[in-house]
Amino acid sequence: MTRINKTSKFAIKGALAALALGLSAQGALAEKVKVGLLLPYSGVYAALGNDIQAGFELGLETFGKEYDFVIANEDTEVKPPQGLAKARKLILQYKVDVMAGIVSSGVLGAVRDLVDGAKVPLIVANAGNDDATGAKCSPYITRMSFSNAQVNRPMGKWLAEQGVKKVFTLAPDYAAGRQMIDAFTASFTAAGGEIVGQEYTPFRKTQDFGPYLAKAKASGAEAVFVFYAGGEAISFVKQYDSFGLKKDIPLYGSGFLTSSLYVNAEGPAAEGVITSLHYVPTLDNPENKAFVEAFKAKTGRLPSEFSAHGYDAARALVEALNTGARGREGIANALRSVSFTGPRGETSIDPATGNIVQPIYVYETVAGENGLTQKVLASLPVEADPANGCAMPAPK
Amino acid sequence: MTPALLTAGPLALDASFWVLQGLNALQLSMLLFLLSVGLTVIFGLMHFVNLAHGSLYAMGAYVAASAAGLMGYWAGVLLAPLAVAAFGVLLYWGLIRRMRRSGPMAQVLVTFGLIFVMLDLTRIVWGDLALAAPMPELLSGRLTILGLEYPIYRLVIIVLGGLIYGGLYWVLSRTQIGAMIRAGVDNDAMASCLGINVEQLFFLVFCVGCALAGLAGAVAAPLLSVTPEMGLSILIPTLIVIVIGGLGSLKGAIAGSLIFGFVQTFGAVLAPQLASVLIYALLAAVLVIKPVGLFPARG
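First to last, the sequence lines map onto chains W and B. Counting in our numbering, the first sequence runs without a single skipped number right up to 396 at its last residue. Counting in our numbering, the second sequence runs without a single skipped number right up to 1299 at its last residue.
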């Protein structure tokens, strides 16, 4: 935490120094762009915040050499009021041109009106709430990560096509958990599947999944589909295996369940779990190979989907600047029609909602040379989210 | 014949389902018991409120996970209680002894602050990512009892909790030191007059409580994920156990833990929508009907 605060101070000092230099030697320097990063550096999502930041910095270094980026980091602490205060600080005090980050949908909900009202472009680098690019969409918010429904919708159809007909679902009881499961359920039942049981566990209060696992076992399901992330994912996958359910009732889920960020903490229990996600580090394309190499060289570890969010958010910003867009209004407008081929494949922003359009990958967690790795089983078609009540004027 | 068989089928399945859930409830209860017993006796003996007890549990889990990575699971389980007890000694000499006479409000504030200090310390030392704690080969299988498969590791936790309860019961009711502790809980001023060094006794109990918290962390580590927040999330259940059971008594700690474990588990099974509310409703009911808890040490 202190380390990050220091970098934050350094960034501010850097900003001041750059400002002084810029005044004395205008034109001699590359074009200055002020970026505010709103990420959690403390609290339950601190690891995600650090991964996104590493990806974002790498993206700016790789693609944005001709610009002089001044970055101000602010810690949201995963608390909506704190996130709002920090966003206000970035906008009013640091006068940033563009903001990026935001891990929690709660924080995104809190800053949404501020960002929309102040007309400051915000590139969302994680928070997946469907409404942020649905009923609550804004021409100033573009999302370079995913939406909860997007990651799970194709999986329902795919699973039904594999011949799985009866599924038991489990997820934590909060907005993201419900959106992920609802999207899966809708497409799974539309493809002829049946949900034989559905449970929502108290969010962040459930450490022992034993009672729910016994229910899943007794439900007569052929498979279990779940969404859990972080600490809950680790506990869940380990406990699922320890009850011996994995061999009779295979475990499927939203890809965050076995994210490369923490899958090694799950150990052998995660082997054979099949999930869907928009990015895994083993994707076989030249853009991803370059990204993985560069990320490893920078941090010494493999990138996760979270680092990919950061990397692509930075890339989107650079692509927007490359169109000649300047200033808050200009950048926001250009961001809405960004499109490029990145580590995740064909990636573009849907101008109608501001949400990313990207392929979804089905992958199995398997044992590799250095711990667990991801074997991509299928690449599901690129599909834009429905507008979900989003109505915005088209970008200029 | 046939109808009887037909009803026997689903019934038999049902019975094993309930046994399974009963074991789940017992396992949760025993884990909570290991945590709450130390806290409740410290509470009862010296009216000292140590909110950082959950952080000691997290510390135990981290020490166990790290030691297990280097020297194997058993080294972790042995080392964690010792390390946490040693940390407890430091805590006692550095902080708690000074706070003994400053009243419950100051104690709550200081130990509450300690939670956050320890949260960030674990973060600095071990990082933000969840740690893996391996389960020993010997305990990672499943045991078949009455045609029902149950993870051995969970059974071990149940047995361990039972053994610790038995051991503490014997010490408290059958030994001289136990009599001294009971006297201290009952009336510390009178115990002092009778020549019992209550402060020394408190120090001893405090260290044992810390060691038990460390042990709970170590046995929980392979089952759950080891994250910096685990200490915070276990604190509330532990406090609920103590309030329901009654301050300062072993019987209260075990009764409170069992009630919590069973209400939580069967609540999740029977009324999932109410799962997170049920235990608080029970807590409120106990506070209204019997504010001192079910089995308080002092009448």
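For every residue, glycine included, the Cβ atom is placed at its ideal position computed from N, Cα and C.
Is residue i close to chain B, meaning its C-beta is less than 8 angstroms from at least one C-beta of that chain?
i, result
"residue 358 of chain W", "no"
"residue 264 of chain W", "yes"
"residue 314 of chain W", "no"
"residue 177 of chain W", "no"
"residue 54 of chain W", "no"
"residue 426 of chain W", "Examination of residue 426 of chain W is not possible in this model, given that chain W is present from 1 through 396 alone."
"residue 296 of chain W", "no"
"residue 47 of chain W", "yes"
"residue 300 of chain W", "no"
"residue 379 of chain W", "no"
"residue 202 of chain W", "yes"
"residue 230 of chain W", "yes"
On a CA-only basis, which of the options is nearest residue i? Give me that one, please.
i, options, result
"residue 1162 of chain B", "B/1240, B/1185, B/1228, B/1257", "B/1257"
"residue 146 of chain W", "W/39, W/131, W/215", "W/131"
"residue 365 of chain W", "W/359, W/374, W/357", "W/374"
"residue 1044 of chain B", "B/1259, B/1249, B/1266", "B/1249"
"residue 320 of chain W", "W/159, W/313, W/335", "W/335"
"residue 1198 of chain B", "B/1024, B/1018, B/1042", "B/1042"
"residue 67 of chain W", "W/52, W/149, W/165, W/315", "W/315"
"residue 143 of chain W", "W/236, W/317, W/238", "W/317"
"residue 99 of chain W", "W/390, W/389, W/313, W/272", "W/313"
"residue 393 of chain W", "W/369, W/337, W/52", "W/337"
"residue 1204 of chain B", "B/1097, B/1227, B/1190", "B/1097"
"residue 96 of chain W", "W/371, W/287, W/87, W/194", "W/87"
"residue 311 of chain W", "W/59, W/377, W/222, W/85", "W/59"
"residue 1247 of chain B", "B/1297, B/1056, B/1164, B/1106", "B/1297"
"residue 1059 of chain B", "B/1094, B/1051, B/1048, B/1083", "B/1083"
"residue 345 of chain W", "W/325, W/389, W/282, W/296", "W/282"
"residue 1152 of chain B", "B/1184, B/1166, B/1135, B/1165", "B/1135"
"residue 44 of chain W", "W/77, W/148, W/391, W/160", "W/77"
"residue 1259 of chain B", "B/1225, B/1280, B/1116", "B/1280"
"residue 1215 of chain B", "B/1193, B/1272, B/1021, B/1033", "B/1033"
"residue 242 of chain W", "B/1274, B/1029, B/1142", "B/1142"
"residue 1146 of chain B", "B/1271, B/1274, B/1270, B/1023", "B/1023"
"residue 109 of chain W", "W/93, W/128, W/121, W/92", "W/128"
Following the continuous beta strand (DSSP E) through residue i, name the residue where it begins and the one where it ends.
i, result
"residue 194 of chain W", "194 to 201"
"residue 365 of chain W", "360 to 368"
"residue 301 of chain W", "That residue, residue 301 of chain W, is in no beta strand (DSSP E); it is neither H nor E in DSSP."
"residue 143 of chain W", "141 to 143"
"residue 185 of chain W", "Premise fails: residue 185 of chain W lies in the alpha helix (DSSP H), 175 to 190, not in any beta strand (DSSP E)."
Note the first and the last residue of the continuous alpha helix (DSSP H) segment covering residue i.
i, result
"residue 1274 of chain B", "No alpha helix (DSSP H) holds residue 1274 of chain B; DSSP gives it neither H nor E."
Could you work out which residues of chain B lie near residue i, taking near to mean beta carbons separated by less than 7 angstroms?
i, result
"residue 243 of chain W", "1151"
"residue 44 of chain W", "1229"
Of all Cβ atoms in chain W, is any one closer than 8 angstroms to the Cβ of residue i?
i, result
"residue 1284 of chain B", "no"
"residue 1192 of chain B", "no"
"residue 1227 of chain B", "yes"
"residue 1186 of chain B", "no"
"residue 1032 of chain B", "no"
"residue 1028 of chain B", "yes"
"residue 1224 of chain B", "yes"
"residue 1020 of chain B", "yes"
"residue 1134 of chain B", "yes"
"residue 1081 of chain B", "no"
"residue 1281 of chain B", "no"
"residue 1006 of chain B", "Since pLDDT at residue 1006 of chain B reaches only 33, below the 50 mark, its modelled position is unreliable, and no value is offered."
Please list, in chain order, the chain W residues whose beta carbon lies closer than 9 angstroms to that of residue i.
i, result
"residue 1269 of chain B", "211, 212, 214, 215"
"residue 1017 of chain B", "214, 215, 217, 218"
"residue 1122 of chain B", "The premise fails here: residue 1122 of chain B is roughly 12 angstroms from chain W at the closest Cβ pair, so nothing lies under 9 angstroms."
"residue 1265 of chain B", "208, 210, 211"
"residue 1024 of chain B", "208, 210, 211, 213, 214"
"residue 1142 of chain B", "242, 243, 244"
Can you list the residues of chain B that residue i reaches, using a CB-CB cut of under 8 angstroms?
i, result
"residue 397 of chain W", "The structure shown does not extend to residue 397 of chain W, since chain W is modelled only from 1 through 396, so no value can be given for it."
"residue 50 of chain W", "1128"
Give the interface partners of residue i over in chain W, defined as CB-CB distance under 7 angstroms, in chain order.
i, result
"residue 1131 of chain B", "265"
Using a cut-off of 9 angstroms between C-beta atoms, extract the partners of residue i located in chain B.
i, result
"residue 199 of chain W", "1268, 1272"
Checklist entry - Taking one C-beta from the region 67 to 77 of chain W and one from the region 241 to 260 of chain W each time, how about it: are there three or more such pairs within less than 8 angstroms? => result no
Next on the checklist: Quick check: the region 1066 to 1075 of chain B against the region 1201 to 1213 of chain B, are at least 3 beta-carbon pairs closer than 8 angstroms?
Outcome noted: no
Checklist entry - Between the region 198 to 216 of chain W and the region 168 to 187 of chain W, do at least 3 Cβ pairs fall closer than 8 angstroms? => result yes
Checklist entry - If we count Cβ pairs, one from each stretch, closer than 8 angstroms, do we get three or more for the region 223 to 239 of chain W versus the region 321 to 331 of chain W? => result no
Checklist entry - With a cut-off of 8 angstroms, do at least 3 Cβ pairs link the region 212 to 219 of chain W to the region 1014 to 1022 of chain B? => result yes
Next on the checklist: Is it the case that the region 1089 to 1109 of chain B contacts the region 1030 to 1039 of chain B, given that we only count it when at least three CB pairs across the two stretches are under 8 angstroms?
Outcome noted: no
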